[in-house]
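Written below as structure tokens is the structure these notes are about.
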Amino acid sequence: MAAVHKGEGNRAFQEKRFEDAVASFSRAAALEPKNWVFFSNRSAAYAELGRYDDALDDAKETIRLNCEWTKGYVRLATACSALGRLSEATAAWRRACELDDENASLRESLAKAEAAEESSLKEGKFKFQGSKRKETAGDGEDVAGGDVTEAKKKKKKPPPATLSFADDDG
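Quick look at the structure:
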């Protein structure tokens, strides 16, 4: 029965009915809670809905269930990137590349993540002085009082595209 729900979820995902996909993958996971593919697929559906915290949770569960499955790290990297957790995203892409060192698409994604992380550091989002980290407005200027809302609005970027695979196994 879990396979039926997975198939329904895959169809819904392909048809861009992501809420339905989440529901189907959730039913599959309830029946087979140790099947990492269901969590991976649901993570992808959550990411498409912009529910990146949920996508991150499912990516972590995917990796907990199978830490040698490349796609789990792809899901983790995607969610972390969208949440602005660039160093975690880079680490996840790096691990995916270690697991599948022949995959040029993964290497390209790692390079993009490394560039985004480097760019973030160069923009001066965090300036290190002595042993204290000072948050800045992004232009190297210190922001007083910890209120960086306006400064961050100026630097807001859209979330990265989700990398997906065309295979049927998740």
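Numbering (the working numbering), first residue to last: 318 to 487. Ideal placement from N, C-alpha and C gives every residue a C-beta, glycine not left out.
#1: I'd like to check one pair, Trp-353 with Asn-383: are the Cβ atoms closer than 7 Å?
#2: When DSSP labels each residue in this structure, what does Asn-352 get in the three-state scheme?
#3: Note down, in chain order, each residue of its chain lying with its Cβ closer than 8 Å to the Cβ of Trp-386, except the 5 sequence neighbours on either side.
#4: Skipping 5 residues on each side, what residues in its chain have a beta carbon closer than 6 Å to that of Arg-372?
#5: Compute the distance between the beta-carbons of Phe-342 and Leu-366, then report whether it is under 7 Å.
#6: Under a three-way DSSP split, which group does Lys-323 fall into?
#7: Quick one, are the C-beta atoms of Ala-345 and Ala-329 less than 7 Å apart?
#8: How far does the alpha helix (DSSP H) with Gly-389 in it reach, from first residue to last?
#9: With distances taken between CB atoms, is the gap from Ser-404 to Glu-440 smaller than 7 Å?
#10: If I follow the unbroken alpha helix (DSSP H) through Lys-439, where does it start and stop?
#11: In whole angstroms, what separates the C-alpha of Leu-423 from that of Leu-348?
#12: Tell me whether Arg-328 sits in a helix, a strand or coil according to DSSP, three-state version.
#13: Taking the alpha carbon of Ala-430 as the reference point, which residue from Lys-323, Gly-324, Glu-332, Thr-407 has its own alpha carbon closest?
#14: Do you know how far the Cα of Lys-388 is from the Cα of His-322?
#15: Please report the straight-line C-alpha distance between Cys-414 and Asp-375, rounded to a whole angstrom.
#16: Pick out whichever of Ala-394, Gly-401, Leu-400 has its Cα sitting closest to the Cα of Arg-411.
#17: What are the start and end residues of the alpha helix (DSSP H) that includes Leu-403?
Let me spell this out:
#1: Residue mapping note: residue 383 aligns to position 66 of the sequence shown, counting from 1. Residue mapping note: residue 353 aligns to position 36 of the sequence shown, counting from 1. Yes. Within cutoff.
#2: Within the sequence shown, the letter at position 35 stands for residue 352. In this structure, Asn-352 counts as coil in the three-state DSSP scheme.
#3: Residue numbering aside, residue 386 sits at position 69 when the sequence shown is read from its first letter. Here the set comprises Trp-353, Ser-357, Thr-379, Ile-380, Leu-416.
#4: To locate residue 372, count along the sequence shown from 1; it is residue 55. First, the residue type needs correcting, since residue 372 is Ala and not Arg in the sequence shown. Counting only Cβ-Cβ distances below 6 Å, and skipping sequence neighbours, we find Ser-360, Tyr-363, Ala-364, Ala-396.
#5: Start at 1 with the first residue of the sequence shown, and residue 342 comes out as number 25. Start at 1 with the first residue of the sequence shown, and residue 366 comes out as number 49. No; because the gap between Cβ atoms is not below 7 Å, this pair is not in contact.
#6: Taking the first residue of the sequence shown as position 1, residue 323 is located at position 6. If DSSP states are grouped into helix, strand and coil, Lys-323 belongs with the helices.
#7: To locate residue 345, count along the sequence shown from 1; it is residue 28. To locate residue 329, count along the sequence shown from 1; it is residue 12. No, the pair does not count as a contact, with Cβ atoms beyond the cut-off.
#8: If you number the sequence shown from 1, residue 389 lands on position 72. It spans 387 to 399 - the alpha helix (DSSP H) in which Gly-389 sits, taken as one unbroken run.
#9: Counted from its first residue, the sequence shown places residue 404 at position 87. Counted from its first residue, the sequence shown places residue 440 at position 123. Taking 7 Å as the Cβ cut-off, Ser-404 and Glu-440 do not qualify as a contacting pair.
#10: Position 122 of the sequence shown, counted from the first residue, corresponds to residue 439. Its alpha helix (DSSP H) spans residues 421 to 439.
#11: As a position in the sequence shown, residue 423 is number 106, starting the count at 1. As a position in the sequence shown, residue 348 is number 31, starting the count at 1. Their backbone Cα atoms lie some 31 Å apart in a straight line.
#12: If you number the sequence shown from 1, residue 328 lands on position 11. Reduced to three states, the DSSP call for Arg-328 is helix.
#13: On the sequence shown, residue 430 is found 113 positions in, with the first residue counted as 1. For the residues Lys-323, Gly-324, Glu-332, Thr-407, the minimum Cα distance to Ala-430 belongs to Thr-407.
#14: Within the sequence shown, numbered from 1, the residue matching residue 322 stands at position 5. Within the sequence shown, numbered from 1, the residue matching residue 388 stands at position 71. For His-322 and Lys-388, the distance between alpha carbons rounds to 20 Å.
#15: Taking the sequence shown and counting its residues from 1, the one referred to as residue 414 is at position 97. Taking the sequence shown and counting its residues from 1, the one referred to as residue 375 is at position 58. So the two alpha carbons sit approximately 20 Å from each other.
#16: As a working note, residue 411 is residue 94 in the sequence shown. Ranking the options by Cα distance to Arg-411, first place goes to Ala-394.
#17: For the purposes of this step, residue 403 is identified with residue 86 of the sequence shown, where counting begins at 1. From DSSP, the alpha helix (DSSP H) with Leu-403 extends over 403 to 416.
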